[in-house]
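Remarks on the structure that follows.
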Amino acid sequence: MQVKHLLLIAILGLTAACSSTKEVVDENLSEVELYQQAQADLDNNSYTSATAKLKALESRYPFGRYADQAQLELIYANYKNSEPEAAKSAAERFIRLHPQHPNVDYAYYLKGLTSFDQDRGLVARFLPLDMTKRDPGAARDSYNEFAQLTSRYPNSRYAPDAKQRMIYLRNLLASYEIHVADYYLTRQAYVAAANRGRYVVENFQETPSVGDGLAVMTEAYMRLHLDDLAATTLETLKANYPDHPSLEDGKFVPQQDEADNRSWISKATLGWIGSNTDPLPPGETRANQDVQRQYQEARDAIPKELLPPEDGGTADQQQPNAEEGKSRSWFSYATFGLFD
Numbered sequence: 001m002q003v004k005h006l007l008l009i010a011i012l013g014l015t016a017a018c019s020s021t022k023e024v025v026d027e028n029l030s031e032v033e034l035y036q037q038a039q040a041d042l043d044n045n046s047y048t049s050a051t052a053k054l055k056a057l058e059s060r061y062p063f064g065r066y067a068d069q070a071q072l073e074l075i076y077a078n079y080k081n082s083e084p085e086a087a088k089s090a091a092e093r094f095i096r097l098h099p100q101h102p103n104v105d106y107a108y109y110l111k112g113l114t115s116f117d118q119d120r121g122l123v124a125r126f127l128p129l130d131m132t133k134r135d136p137g138a139a140r141d142s143y144n145e146f147a148q149l150t151s152r153y154p155n156s157r158y159a160p161d162a163k164q165r166m167i168y169l170r171n172l173l174a175s176y177e178i179h180v181a182d183y184y185l186t187r188q189a190y191v192a193a194a195n196r197g198r199y200v201v202e203n204f205q206e207t208p209s210v211g212d213g214l215a216v217m218t219e220a221y222m223r224l225h226l227d228d229l230a231a232t233t234l235e236t237l238k239a240n241y242p243d244h245p246s247l248e249d250g251k252f253v254p255q256q257d258e259a260d261n262r263s264w265i266s267k268a269t270l271g272w273i274g275s276n277t278d279p280l281p282p283g284e285t286r287a288n289q290d291v292q293r294q295y296q297e298a299r300d301a302i303p304k305e306l307l308p309p310e311d312g313g314t315a316d317q318q319q320p321n322a323e324e325g326k327s328r329s330w331f332s333y334a335t336f337g338l339f340d
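Sequential numbering of the sequence shown, starting at 1, is according to the UniProt record's numbering.
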């Protein structure tokens, strides 16, 4: 059913885009008539027509009695018409031109509301999208814009709603950071994962994701063998979030499996060939061991008579004679001794 809805929306959108024409506003309309018609269009949800009339009103009567109000309502018309960039531009212009206007808080509010709804288009209404996994750019902008409103106009009628939206946005941004940290864990980028977890703990206090941040830090420190940091973080997790999903009977359970560092041939043969499960000594890596093994195999393939005496070679084969001990000319070296 959702697919049918999306197809219907796409068809209607294409039809509207192909059939839409730029509305021509009567040049003989007075300021009052323009404003009244724009209000009627807003009441009828005809936002494209309302936008055209509000722009005409502002350009024809820039110092009229409805000029300021037309600029405010132009922000709203663009917002309702799903034109976020136009709405933000109109809001920023009003704030810049009328910083002391009694309704400037409304411009701040609409600016934040536009960013808040920017990622919630028609697709998000019909598909179960996880907003915490999407690009947080618009959410971050919305949070900052609502923060300006609440800090500059704490007694605004729009401040309570802005604060509630800020709580939601803060939780969303914290969840996004946890998703990024989990991705780093799967990629074995443990330092980056620990940094993301610490960022959540330090900057998103009182959000549900703080416990997840501590769990990520604990797991990353364990993988890095930073036992002291892992133990300290784990104790903090137990003390503050004893019911966290990563804790089972008071013991920490990593969310990601241990990294498989076996060679490709060991994985392909299910461990029958090239398996090496012994723990690595400090400072040693599997790659270094593979290089040493390949070197030793190549050395073992060299005939014994070609090896030096200290490595088991034949002494009479390696001992230079008296003539070979003499100095040779460059011509002898160049001709490999053929013309000595």
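Glycine included, every Cβ here is placed at the ideal spot set by N, Cα and C.
This one's a predicted model, so the numbers in the text were calculated from it and none came from an experiment.
How close, in whole Å, do the beta carbons of residue i and residue j come, if the pair is a contact with beta carbons under 8 Å?
{"i": "residue 342", "j": "Glu219", "result": "Not covered by the structure: residue 342. The range shown for the chain is 1 to 340."}
{"i": "Asn81", "j": "Tyr47", "result": "4 Å"}
{"i": "Tyr143", "j": "Leu169", "result": "4 Å"}
{"i": "Asp105", "j": "Leu149", "result": "6 Å"}
{"i": "Ser115", "j": "Glu92", "result": "Incorrect: roughly 12 Å between the Cβ atoms, too far for contact."}
Quick check on residue i: does DSSP put it in helix, strand or coil?
{"i": "Phe252", "result": "strand"}
{"i": "Pro84", "result": "helix"}
{"i": "Gly64", "result": "coil"}
{"i": "Tyr241", "result": "coil"}
{"i": "Asn103", "result": "coil"}
{"i": "Leu224", "result": "coil"}
{"i": "Asn45", "result": "coil"}
{"i": "Glu73", "result": "helix"}
{"i": "Leu229", "result": "helix"}
{"i": "Asp300", "result": "helix"}
{"i": "Ser30", "result": "coil"}
{"i": "Gln37", "result": "helix"}
{"i": "Gln292", "result": "helix"}
{"i": "Val123", "result": "Here the model assigns Val123 a pLDDT of 47, short of 50, so the residue's position is not dependable, and the following value carries that caveat. Here Val123 sits in helix by DSSP."}
Across which residues does DSSP place residue i in a beta bridge pair?
{"i": "Leu247", "result": "Phe252"}
Note down, in chain order, each residue of its chain lying with its Cβ closer than 6 Å to the Cβ of residue i, except the 5 sequence neighbours on either side.
{"i": "Ala193", "result": "Ala181, Tyr184, Leu185, Val216 and Ala220"}
{"i": "Leu42", "result": "Ala50"}
{"i": "Gly213", "result": "Gly197, Val200 and Val201"}
{"i": "Pro84", "result": "Thr114 and Gln118"}
Within the same chain, show all residues whose beta-carbon is closer than 7 Å to that of residue i, passing over the 5 residues directly before and after it, in chain order.
{"i": "Tyr190", "result": "Ala220, Arg223 and Leu224"}
{"i": "Leu234", "result": "Thr218 and Phe252"}
{"i": "Tyr66", "result": "Glu31, Tyr35 and Leu57"}
{"i": "Leu54", "result": "Ala38, Ala70, Glu73, Leu74 and Ala77"}
{"i": "Asn103", "result": "Leu72"}
Going along the chain, which residues of its own chain have a beta-carbon closer than 8 Å to the beta-carbon of residue i, five neighbours each way excluded?
{"i": "Asn195", "result": "none"}
Task: 4 or more residues per run - each alpha helix (DSSP H) lying fully within the region 138 to 220 - done: The region 138 to 220 is shown to contain whole alpha helix (DSSP H) runs of 4 or more residues at 159 to 186 and 190 to 203, in chain order.
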